[in-house]
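For reference, the structure discussed in these notes is given below.
There are 2 protein chains.
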Amino acid sequence: MQTLHVELGDRRYPIFIGSDLQPQELLAPYIKGQQVMIVTNTTVAPLYLNHYVTAVEALGKKVATCILPDGEKYKDIQHLTLIFDALLEAGFNRDCTVLALGGGVIGDMAGFASASFQRGVYFVQVPTTLLSQVDSSVGGKTGINHPLGKNMIGAFQQPQVVLADMSQLNTLPERELSAGLAEVIKYALLGDVEFLEWLETHMEALVARDPAVLAEAVYRSCAHKARIVANDEKEQGERALLNLGHTFGHAIESYLGYGEWLHGEAVATGMVMAADLSQRMGWISAEDVERTKNIISRANLPIVCPQIPLDQFLAYMAHDKKVLNGQLRLVLMKQLGQAIITKEFDLELMKQAILANQA
Amino acid sequence: MQTLHVELGDRRYPIFIGSDLQPQELLAPYIKGQQVMIVTNTTVAPLYLNHYVTAVEALGKKVATCILPDGEKYKDIQHLTLIFDALLEAGFNRDCTVLALGGGVIGDMAGFASASFQRGVYFVQVPTTLLSQVDSSVGGKTGINHPLGKNMIGAFQQPQVVLADMSQLNTLPERELSAGLAEVIKYALLGDVEFLEWLETHMEALVARDPAVLAEAVYRSCAHKARIVANDEKEQGERALLNLGHTFGHAIESYLGYGEWLHGEAVATGMVMAADLSQRMGWISAEDVERTKNIISRANLPIVCPQIPLDQFLAYMAHDKKVLNGQLRLVLMKQLGQAIITKEFDLELMKQAILANQA
């Protein structure tokens, strides 16, 4: 087991990364108060809920559960309300803990619920997908979708502790494993060409779910994100680099309707568009773009999206949070493995990069 | 005009207190970004909305408005959603400002919306009731009600600036003026016997809405609260003293149904119960209780509540946020003008204090 500490002053917390983790022992020092609400979904509950209920009850805590339907399309205010209902029906107080057992959607919803219930209670994360292990474990971003945009309503909420157990990835569908790898690749592309080389060496082992190699990828990804977040918790600057591929990706997801493509799949194609535009801007080479497409393909991820009318694609991009004073900013690559956030890009070249990477 | 600064480090902000304040001039340095959403209600909008729209537009900002129905019963998740809808339909970004123009309900809802929209945007408060001027101006508590409890869902969100204009109190119904005076009296009872004497001298002028005397009462109340909040922003300790009368009051409000009694009216009777219990505990004298009832009566506030079955009264108290690990804590008076938070009270005496102050 490896331990990574996310350094956020008095909100410093550990991420435990390994296989067959022992939740009772690992959670014991981090659960304050006597009440724990485990939030999970209908897919994860039959697999892992009993294990965590037993572990937390063994700590002498009162445990209640809230099982939501599985899917991004339920990440809305109506289903968020179900968590509040469960907390109040269980009679839980402001010293309770909300434990998220599931992927990114569960983490986002349970995290926002914990930030808002009684104006803030404790939060523990057990991410059960590769995507949520590398993405949601660090950064404290929580929230829900609105019909007019993704993650439009939420809070910054840091957990007390995160348990990232590679054993749980054995039950993950292949598409979701790949979607997680998209975010792993993102860390390489945005800031670490050496990690890109490591991924080029180990991609087969990752796709084959070698637990030690997966754990190393999760550790490296979380360490990258933790360093960036520690510098910029509220996303005033550097943190926006983490959105490499996301502005294009959000447009793809929004057009197709949430849940049609997985978030990681949309980000994968979005990163290809960002690389393509970076090349058109003269910043990276055609070989760099090919290398980007190649590692994404080897993770069984799409490098092109379906045909989307350009005006609609642009309209969805304009709804992105990286629009500042009406000015779209993009995360692009100044070099392979070195991203920047910029509004200094050519709009015509951007349109070409979008159109060039549609099926 | 007086200016009070609430000292919260990098979230320090001013409260401007006076009559016929000039919003254009006062708001100019504090509105970041180019977009301002003014949230108000159907009662306040015809009186003051145009004035603020004009002032903010004169600053060159894009202004949109969201007019909610008036009343505590609309402080729910459905009506909160209307603010998010308005923000997204106006195309507002993460650098926008939400301006609350109204009483406590509007401040709570607009504040929570500003804390949650895009995980946090800017917030400005223009409280238009005495209650919200002395209570919501300081402390950053925002939120909405749940069918199972008041203010169960929310956030701590500090404003950039607060404008408390006494001229706006001329349109306030008498009951609401008195409800505001309940919170003013609370500051005297919990921590300042000299302020209690000042109120005993000036209660007629306050009820007659003398703007200079009102401004002084608002200034003193906010200064008290600001000092307490600066010491204890997240309500870990001292801040709980501000709940004098509130645990009893919440039970009254909950039983009668939100909106039947005003919050300040319930707190007024709740303070009488707290004083009564403090006397039964042997901490304050019968004269102190009479003085408490007298100043509350002179503010045209109720000192008894309707008959409420004791078991139901206690059940509602148990839902209060001051229950820690299942243990009810109460704010009581160790002396007149000196409150404490304690779980060391006699349950039988508490029941007597509740029953003794019902009509």
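Line by line, the protein sequences are chains A and B. Quick note, the first sequence lines up with residues 1 to 359 if you use the UniProt record's numbering. Quick note, the second sequence lines up with residues 1 to 359 if you use the UniProt record's numbering. Beta carbons: idealized from backbone N, C-alpha and C, even for Gly.
Item	Value
Beta-carbon within less than 7 Å of A:GLY172's beta-carbon, same chain only, minus the 5 sequence neighbours each way: which residues are those?	Checking the sequence, you will find Leu at residue 172 of chain A rather than Gly. Closer than 7 Å at the Cβ level, and outside the excluded window around A:LEU172, lie THR129 and LEU130.
Just the C-alpha distance for A:ILE153 and A:HIS146, rounded to the nearest angstrom, thanks.	7 Å
Just to confirm the assignment: which complete alpha helix (DSSP H) runs, minimum length 4, are found wholly within the segment 81-142 of chain B?	104-116 and 130-134
Any beta-carbon of chain B closer than 8 Å to the one on A:ALA115?	yes
Near B:HIS202, which residues of its chain fall below 6 Å by C-beta distance, leaving aside the five closest residues on each side in sequence?	VAL213
Could you check whether the Cβ of B:ALA328 sits closer than 8 Å to any Cβ belonging to chain A?	Note on residue identity: the sequence assigns Leu, not Ala, to residue 328 of chain B. It does not: the Cβ of B:LEU328 has no partner Cβ on chain A nearer than 8 Å.
Compare the C-beta of A:ARG239 with all C-beta atoms of chain B and state if any pair is closer than 8 Å.	no
Mind listing, in chain order, the continuous alpha helix (DSSP H) runs of no fewer than 4 residues lying wholly within the segment 188-265 of chain A?	193-207, 211-231 and 246-256
Assign B:LEU310 to buried or exposed, taking buried as 16 or more other Cβ atoms, counted over all protein chains shown, within 10 Å of its Cβ.	exposed
By the DSSP assignment, the beta strand (DSSP E) with A:MET37 in it spans what residues?	35-41
Given a limit of 7 Å on CB to CB distance, which residues of the segment 145-162 of chain A reach chain B?	HIS146, LEU148, GLY149, MET152, ILE153, GLY154, ALA155 and PHE156
Based on Cα-Cα distance, which residue from B:GLN335, B:GLY337 and B:HIS319 lies nearest to B:ARG329?	B:HIS319
Got a sec, what are the start and stop residues for the beta strand (DSSP E) A:THR342 sits in?	338-342
Do the segment 83-95 of chain B and the segment 109-116 of chain B make contact, defined as three or more Cβ pairs closer than 8 Å?	yes
Mind pulling the alpha helix (DSSP H) runs of 4 or more residues that sit fully within the segment 150-188 of chain B?	none
Using only CA atoms, which one of B:LYS73, B:VAL331, B:GLU194 and B:GLY180 lies nearest to B:ALA215?	B:GLY180
Less than 8 Å between CB atoms is the rule here; does B:GLN118 satisfy it with respect to chain A?	yes
Could you confirm whether any beta carbon from chain B is found closer than 8 Å to the beta carbon of A:ILE17?	no
Have a look at B:ASP95 and B:GLY60 and give me their C-alpha separation to the nearest angstrom.	15 Å
Does A:GLY143 get closer than 8 Å to chain B when you measure Cβ to Cβ?	yes
So, does the segment 176-190 of chain A touch the segment 34-44 of chain A, judging by three or more C-beta pairs under 8 Å?	no
Anything in chain B within Cβ reach of A:ILE77, meaning under 7 Å, just list it in chain order.	ILE77 and THR81
Please report whether the beta-carbon of B:LEU88 lies at a distance below 8 Å from any beta-carbon of chain A.	yes
Let me see if you follow: with CB-CB separation under 8 Å, is B:PHE84 close to chain A or not?	yes
Give the C-beta separation of A:VAL124 and A:LEU27 to the nearest angstrom, bearing in mind that I take them to be a contact with Cβ-Cβ under 8 Å.	7 Å
With DSSP collapsed to three states, give me the class of A:MET350.	helix
Which runs of the alpha helix (DSSP H) fall wholly inside the segment 267-334 of chain A and span at least 4 residues, in chain order?	286-298 and 310-318
Can you tell which of B:ALA205, B:GLU183 and B:LEU189 has its C-alpha closest to the C-alpha of B:ALA266?	B:GLU183
Under 8 Å between the Cβ atoms of A:LEU277 and A:VAL331?	no
Cβ atoms of A:THR65 and A:VAL56: under 8 Å apart, would you say?	no
With DSSP run on the structure shown, which of helix, strand or coil describes B:PRO23?	helix
What would DSSP say about B:LYS75, mapped onto helix, strand or coil?	coil
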